[in-house]
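Novice: Would you mind keeping the following structure in view while I ask a few things?
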Amino acid sequence: SIESFPFIKQLHSPDEWQTLVRDFMIQHRCQTPLFVEISKEFISYLKTEWQGDKERPFMPELAHYEWVELGLNIAEAEWSLSQIDQNVDLMTLAYSASPLAWLCIYEYPVQLITTDFQPTDKAEQPVCMMVYRDAQFQIKFTQLNAMSARLFELISNGMTPVDAVTELSEAIPHLSSQAIYNGATGLIRDWVNKGNLHII
655 SIESFPFIKQ LHSPDEWQTL VRDFMIQHRC QTPLFVEISK EFISYLKTEW QGDKERPFMP
715 ELAHYEWVEL GLNIAEAEWS LSQIDQNVDL MTLAYSASPL AWLCIYEYPV QLITTDFQPT
775 DKAEQPVCMM VYRDAQFQIK FTQLNAMSAR LFELISNGMT PVDAVTELSE AIPHLSSQAI
835 YNGATGLIRD WVNKGNLHII
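Take a look at the structure:
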């Protein structure tokens, strides 16, 4: 429901919030009657129909960032873990992303927004967040740099890590291929151990 956004509500005065909710109810034609889906419809409204707020241009992204925790909490997928064979080179395997590990990329620094910090300018670099549900049903947020996010994107779409490192090396020529390879190896092992990546 709309109450799934307590932080966004906190950023607004009571009158501002009531106006926003009323406009959503009037303008947005919900595609679902399901109560838990209304929060996704609110994000859709902010992205497509909301008239905007020059003081809070980050609103659509912040709403998504706030919703992600709910989205993972209600996700029906079961957490699972791939077993790592110590004799196998992780860089030669194929992977798929866990349905409980979401790579979210934002233009605004949504993770830093508070009542005292409400940026009107986009971040200098995209903000890449890995959000995942662990074995204890806890939702974890980890910020990635652009290279790590791109690595996850490439290998979760079926590219082998070796090929992904080659592509990243061409895109980031000031870093040695060996440095990228070593970094990728550590990241992939960590992602597999956390259940974020599954070995195919």
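According to this note's numbering, numbering within the sequence shown proceeds without interruption in unit steps and concludes at 854.
All C-beta atoms, glycine included, are put in the ideal place defined by N, C-alpha and C.
Since the model is a prediction, treat every value here as computed from it, not as a measurement.
Return helix, strand or coil for Arg843, following the three-state DSSP convention.
Specialist: Helix at Arg843.
Novice: In the DSSP assignment, the beta strand (DSSP E) including Val785 goes from what residue to what residue?
Specialist: Val781 to Arg787
Novice: Bridge partners for Ala751 per DSSP, in chain order?
Specialist: Answer by DSSP bridge pairing, in chain order: Leu851.
Novice: With DSSP as the reference, please indicate the residues paired to Leu757 in a beta bridge.
Specialist: Its beta-bridge partners are Met784.
Novice: Assuming Ile759 and Pro780 form a contact by the criterion Cβ under 8 angstroms, report the distance between their Cβ atoms to the nearest whole angstrom.
Specialist: 5 angstroms
Novice: Which residues in the same chain have their Cβ closer than 7 angstroms to the Cβ of Lys701, if we skip the five residues on either side of it in sequence?
Specialist: The residues are Pro714.
Novice: Give the DSSP bridge partners of Lys663, in chain order.
Specialist: Residue pairing for Lys663: DSSP places it in no beta bridge.
Novice: Please give me, in chain order, every unbroken run of the alpha helix (DSSP H) with length at least 4 that falls completely inside the segment 670-752.
Specialist: 692-702 and 713-728
Novice: Taking the straight line between their C-alpha atoms, what separation do you get for Ala751 and Thr814?
Specialist: 13 angstroms
Novice: Excluding five sequence neighbours on each side, which residues of the same chain lie with their C-beta closer than 8 angstroms to the C-beta of Thr839?
Specialist: Leu744, Met745 and Pro815
Novice: Hey, out of Asp707, Leu805, Thr796 and Glu730, whose CA is closest to Thr673's CA?
Specialist: Asp707
Novice: Helix, strand or coil for Leu829 per DSSP?
Specialist: coil
Novice: Should Gly812 be counted as a contact of the ligand GTP given a C-beta to heavy atom distance under 7 angstroms?
Specialist: Looking at this structure, you won't find the ligand GTP or any other ligand, since it has none at all.
Novice: When DSSP labels each residue in this structure, what does Phe806 get in the three-state scheme?
Specialist: Correct three-state label for Phe806: helix.
Novice: From the DSSP secondary-structure annotation, give me the bridge partner or partners of Lys794.
Specialist: Tyr786
Novice: Is Ile854 closer than 8 angstroms to Tyr749 when the C-beta atoms are compared?
Specialist: yes
Novice: Using the Cα positions of Gln765 and Asn847, report the straight-line distance between them to the nearest angstrom.
Specialist: 25 angstroms
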